[in-house]
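Numbering (the numbering used here), first residue to last: 2 to 266.
Written as structure tokens, this is what we have:
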């Protein structure tokens, strides 16, 4: 399956941002070729899980991770949609069918959320170069249109936690490859390749979603560290922190309301 350059770069072309922000994204995108050449794990759409031994550690404890996300799903309406936290995501999703629960974002720890999911937090903190970690929850019928990530300095990890049937109806396309999630199994890919997601089932899909630094040779890996630190300090990331704090309050209120309803008169 081929996708022209216009589609591949839609995230940059269609953005209604300031010129300075577009230039910043353009500069980051320009590093793609360099990072691809410096990669110690190759440059392909979907990676072999065995390349990353730590993935097996998460698979061994997938039921524990699932058990930590299950209570959150009871208060789905109090969870933020992706674009409620990361406003840039509004270019690909503007409804409430893609919910999230962040543990980390660009290295920023969501302390209160991590306290709710202690074992998951311990596990993601052991992933070499982990920068972002959250639960990604897709409603039945949700479609995330074709897009590509802005930065090749990270790779993306998914762990299936709650996957509806039939599998072929709940899938992701990365470049010209189709993959399906399975409960307790990992999927690792490069999100700078054009990709698209469908949940055409009647069930909810929940996964653990992690970005981690791409293993690269020096000095390129050091450049990547610097860029990631600069990204962490941007207004976009800091605004996301504020957004998360607001939604934490909503979740607490929802939980308190549920508790009061169960109290005997």
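Where a beta carbon is used, it is the ideal one built from N, C-alpha and C, also for glycine.
Computed from a predicted structure; not experimentally measured.
Could you round the C-beta distance between residue 156 and residue 189 to whole angstroms and report it? I think they count as a contact, below 8 Å.
Confirmed, Cβ separation roughly 6 Å.
List, from N- to C-terminal side, the alpha helix (DSSP H) runs of 4 residues or more that fit wholly inside the segment 95-132.
The segment 95-132 contains these whole alpha helix (DSSP H) runs: 112-117, 119-126.
Look at residue 195 and residue 147 and say whether their C-beta atoms are less than 9 Å apart.
Annotated as proximal: residue 195 and residue 147, with beta-carbon spacing under 9 Å.
Taking the beta carbon of residue 77 as the centre, do at least 16 other beta carbons fall within 10 Å, making it buried, or is it exposed?
Burial call: exposed.
Which residue from 206, 219, 32 puts its Cα closest to that of residue 1?
This structure cannot speak to residue 1, because the chain is shown only from 2 to 266.
I believe residue 105 touches residue 79 by the beta-carbon criterion, under 8 Å. Please report the beta-carbon distance rounded to the nearest angstrom.
The C-beta distance from residue 105 to residue 79 rounds to 20 Å, too long to fall under 8 Å, and the pair is not in contact.
My output table needs one value for residue 167: the three-state DSSP class, helix, strand or coil.
Of the three classes helix, strand and coil, the one that applies to residue 167 here is coil, per DSSP.
Residue 216 to residue 234, Cα distance in whole Å?
About 22 Å.
C-beta atoms of residue 211 and residue 98 nearer than 9 Å:
Cβ atoms of residue 211 and residue 98: not closer than 9 Å.
Beta-ladder partner(s) of residue 198, from DSSP:
As computed with DSSP, residue 198 is found in a beta bridge with 145, 173.
From 199, 162, 232, 112, residue whose alpha carbon lies closest to that of residue 245:
Looking at the Cα atoms, 112 is the closest of the given residues.
Do residue 200 and residue 243 have their CB atoms nearer than 9 Å?
Taking C-beta atoms as the reference points, residue 200 and residue 243 fail to come closer than 9 Å.
Which residues mark the beginning and the end of the beta strand (DSSP E) in which residue 227 is found?
Element bounds for residue 227: not the beta strand (DSSP E) but the alpha helix (DSSP H), 221-233.
Could you give the distance in angstroms between the alpha-carbon of residue 35 and the alpha-carbon of residue 229?
Cα-Cα distance, rounded: 16 Å.
DSSP has residue 93 in a bridge; who is on the other side?
DSSP output for residue 93 lists no bridge partner at all.
Residue 68 - containing alpha helix (DSSP H), residue span
Element bounds for residue 68: 63-74.
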